[in-house]
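Presented below is the structure to which this report refers.
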Amino acid sequence: MKLEKIKLRINSIRTAYPMYDELLTFFEKIVTKQDEFKQQIQIESSFPDIEESKVKKKIEAGIPLLEDEEFELDFPSTSQLFDALCEITKAQNDKLRNEVQKIERTVKESNVDLRLKSLVSREELFRKVAHNELDYIDKISDEFSLNESVLTLLTLNSVKPSIELIAHQLQDSVDIESWSGISCPICGSPPVISELRGEEGRRILFCSFCSTDWQGRRIMCYHCGNTDHQTLRYFYTQEEEKYRIDVCDKCKHYLKTLDSRKFDGEIVPSVEDIATLHLDILAEGENYQNVALTSAAHF
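First residue of the sequence shown: 11, per the numbering used here; consecutive thereafter.
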């Protein structure tokens, strides 16, 4: 999605929800910097070469296209973006500055002597995240006493432009309409938000990592795959019927959904995530967890 459209939606949400102004400004700085680096990312040499027959088999089996595939990131650009996002985040407040500085002291370029137990390879971190091995973030956060939410935000948003470019090129080779999995058909990440679209209310899901969108089942938990309508429900506030929270009482996870039939303007999933932060607070207050990799509620 073009940066101009994202900024227009940010301004619209800023007017409607002035309490999110600071968070929206922070987010705008991040997406602006991502867009800047997206223009220089080189991914041609790292583009995964997947045979058409293999693509078909993986989709039919419910296996995300990038799972178990070899591909490389543009490490220099990703690393430079990581540095830029660190600077943006440090400027937010003293608490974040301290957390980011701890991360900067620990997560180093790949040419450092990693026999030093106090260091983490930046390249290895990016590679793990790109291949959806997010437990690595948990591991090093615990090992080095780093703020997991801040490290997740910095790392995912540094890798995200490369993954989005790869996903965009792969989408033409995938019959997304035949996909029936609970995660993104391209990268395997969970959705950040969903949309009810058209008169029939088709459910469209938006990936929290590579930004792919796909049509999914209307009645389903996108964390555990539960389809039992007796344990799936939703709730909303009377003031905002266009937004709702779909919850699963089996696994206690939730996904925010917006009804575009009651919506004015173009939907920008990542911005809608911020605009509905109060719904995250409501859901988490009822002991439900967000299905997304990261969201405004986690930061």
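Don't be surprised by glycine CBs; every beta carbon is placed ideally from N, CA and C.
- By the 16-neighbour rule on beta-carbons within 10 angstroms, Ala293 is buried.
- Using a Cβ distance threshold of 8 Å, Val139 and His233 do not count as a contacting pair.
- The count of Cβ pairs closer than 8 Å, one atom from the segment 104-111 and one from the segment 213-228, stays below three, leaving the stretches out of contact.
- Between the alpha carbons of Thr237 and Leu287 lies a gap of roughly 26 Å.
- In the DSSP assignment, Ile203 is bridged to Phe216.
- Beta-bridge annotation (DSSP): Ile113 is not paired with any residue.
- Going by DSSP, Cys258 is part of the beta strand (DSSP E) stretching over Tyr253 to Cys258.
- Val202 and Asp31 have their C-alpha atoms roughly 21 Å apart.
- Asn167 counts as buried, since at least 16 other C-beta atoms from the protein chains shown sit within 10 angstroms of its C-beta.
- In this structure, Lys43 places its C-beta atom within 8 Å of the C-beta atom of Leu95.
- A residue is called buried when at least 16 other Cβ atoms come within 10 angstroms of its Cβ; Ile229 does not meet this threshold and is exposed.
- Beta-bridge partners assigned by DSSP to Gln225: Ile214.
- Thr162: member of the alpha helix (DSSP H) spanning Glu158 to Leu180, first to last residue.
- For His288, the enclosing alpha helix (DSSP H) begins and ends at Leu287 to Gly295.
- Just measuring C-alpha positions, the residue of Ser280, Leu33, Ala101 and Glu296 sitting nearest Phe245 is Glu296.
- In this structure, DSSP gives Tyr146 a helical state, which the three-state scheme calls helix.
- Within the DSSP bridge table, the entry for Asp269 names Leu206 as partners.
- Taking the Cα positions, Gly191 is about 29 Å away from Val160.
- Asp84 is classed as buried because its beta carbon has at least 16 other beta carbons within 10 Å across all chains shown.
- Going by DSSP, Phe245 is part of the beta strand (DSSP E) stretching over Leu242 to Phe245.
- Residue environment analysis places Thr247 among the exposed positions, since fewer than 16 neighbouring C-beta atoms fall within 10 angstroms of its C-beta.
- Sequence-distant Cβ neighbours of Ser89 in its own chain, meaning closer than 8 Å and more than five residues away, are Glu119, Arg132, Glu133, Phe136 and Ser168.
- In this structure, Ser22 sits away from Gly208, with a CB-CB distance that is not shorter than 8 Å.
- Setting aside the 5 residues that flank it on each side, Ile150 is surrounded in the same chain by Val130, each with a C-beta closer than 6 Å to its C-beta; the list follows chain order.
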